[in-house]
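Last residue of the sequence shown: number 278 in numbering that gives the first Met the number 0, and the count goes up by one each step with no gaps. Where a beta carbon is used, it is the ideal one built from N, C-alpha and C, also for glycine. Since we're looking at a predicted model, the values are computed, not measured.
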Amino acid sequence: MPDASLAALLAYIGASPLGWGLTALLAIGSALLVVVVVGPLALLIVGPLLVKRSLKPLVSAEIEPDPIDPPADVRLHFEAATAAFAKVGFKPAGRYLVRTELGGNQARMLLFRGANGASLGYAAALPRAADHLLYCEIGTSFEDGTSVTVGNASAIGPFKPMPGSVTLQLPQIAEAHALWDIHRAVVGARKAGLRAKRVGAGEEVAAVGEGVGRSAAYQVQCGFLTREAGGRFYALTWLGAFRFTWLSVPPFGPLREKLIRRRDAALMAELGATRVVAA
0 MPDASLAALL AYIGASPLGW GLTALLAIGS ALLVVVVVGP LALLIVGPLL
50 VKRSLKPLVS AEIEPDPIDP PADVRLHFEA ATAAFAKVGF KPAGRYLVRT
100 ELGGNQARML LFRGANGASL GYAAALPRAA DHLLYCEIGT SFEDGTSVTV
150 GNASAIGPFK PMPGSVTLQL PQIAEAHALW DIHRAVVGAR KAGLRAKRVG
200 AGEEVAAVGE GVGRSAAYQV QCGFLTREAG GRFYALTWLG AFRFTWLSVP
250 PFGPLREKLI RRRDAALMAE LGATRVVAA
């Protein structure tokens, strides 16, 4: 009898507005469970498999002259960068198309050579779905194999930086000549006494390719990449695939970016660059 009474009560609740509400809440809860828990877990498991199959960094970046006039947004970016770099003695060293992944999209790059003969600057445009990711960067390599790179890209790469090198990404700093001021301050504070590697006129493209190759080779040492047979490109290891995927999605990606922004702001504060704040 108690069982029958309980069954009758449940049947009554299921047929009442209260039952409809409970059913709706259960459906919403199940949907939220899929979105909040199951979806991200599937992404973190399936994502590395897809990335491992599709992403293949080239051993040697493909860099070739860009014969085609760039789109309007890229052209304006290049014009502004040329004017800003000129203020600090950088001269254009050619416009190029760059591909760093097997089958990947080509980025556009306007290359500059510093008056000191050691620093290179470039304005870059990476294709996106509807526009381009536009940024500038300045780099100097040293005889000990380390480097200093300062840029204003808003995106942060997933791979591990080379030990001893300093990389700052400051999207708050729009002007290339301001990036150069910060770059010089970092070199003075962290690389004082080290000899910079000279880049002769006409050697700029080779120097860019060498830097890309050196960074990729370090990822091999870290266990994130492995060289494929034939030697033209690298393949992600499982460790690299998981790192690449997990550091590109919440919560790991935003947390890492926040930590990097704080680190960069701390260095800027150390150098007295008070105009740079943590993102």
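Top-ranked residue by Cα proximity to residue i, from the options
| i | options | result |
| --- | --- | --- |
| Ala129 | Gly120, Tyr95, Pro70 | Pro70 |
| Gly113 | Glu63, Ala124, Ser140, Pro126 | Ser140 |
| Tyr95 | Val87, Arg107, Gln171 | Arg107 |
| Val147 | Ala154, Arg98, Met161 | Met161 |
| Ala268 | Leu254, Ala188, Gly144, Lys159 | Ala188 |
| Glu142 | Ala173, Val198, Pro64 | Val198 |
| Arg183 | Val149, Ala234, Leu132 | Val149 |
| Gly144 | Ile67, Val211, Glu63 | Val211 |
| Gly239 | Pro249, Pro250, Arg226 | Arg226 |
| Leu266 | Ala123, Ile181, Tyr121, Asp68 | Ile181 |
| Phe158 | Leu235, Ala177, Gly271 | Leu235 |
| Val45 | Trp237, Val97, Asp68 | Trp237 |
Any non-hydrogen atom of the ligand MN within 7 Å of residue i CB
| i | result |
| --- | --- |
| Ala124 | For the ligand MN, the structure offers nothing, since it holds no ligand at all. |
Paired residues, beta bridge with residue i - DSSP
| i | result |
| --- | --- |
| Glu63 | Leu96 |
| Met296 | In the structure as shown, the chain starts at 0 and stops at 278, and residue 296 therefore has no counterpart that could be examined. |
| Pro56 | Glu100 |
| Lys90 | Arg112 |
Alpha-carbon to alpha-carbon, residue j and residue i
| i | j | result |
| --- | --- | --- |
| Arg260 | Gln168 | 8 Å |
| Arg194 | Gly163 | 14 Å |
| Val186 | Gly201 | 24 Å |
| Gly192 | Ser247 | 37 Å |
| Ser53 | Arg74 | 31 Å |
| Gly103 | Lys55 | 9 Å |
| Leu270 | Ser214 | 26 Å |
| Pro253 | Leu133 | 20 Å |
CB contact flag (residue i, residue j, <8 Å)
| i | j | result |
| --- | --- | --- |
| Phe77 | Phe111 | no |
| Val50 | Tyr233 | no |
| Ala117 | Leu109 | no |
| Ala175 | Gly120 | yes |
Complete runs of the beta strand (DSSP E) confined to the segment 114–139 [at least 3 residues]: The qualifying runs are 118–126.
Inside the segment 142–189 only - alpha helix (DSSP H) runs reaching at least 4 residues: 175–189
Inside the segment 176–259 only - alpha helix (DSSP H) runs reaching at least 4 residues: 203–221, 237–245
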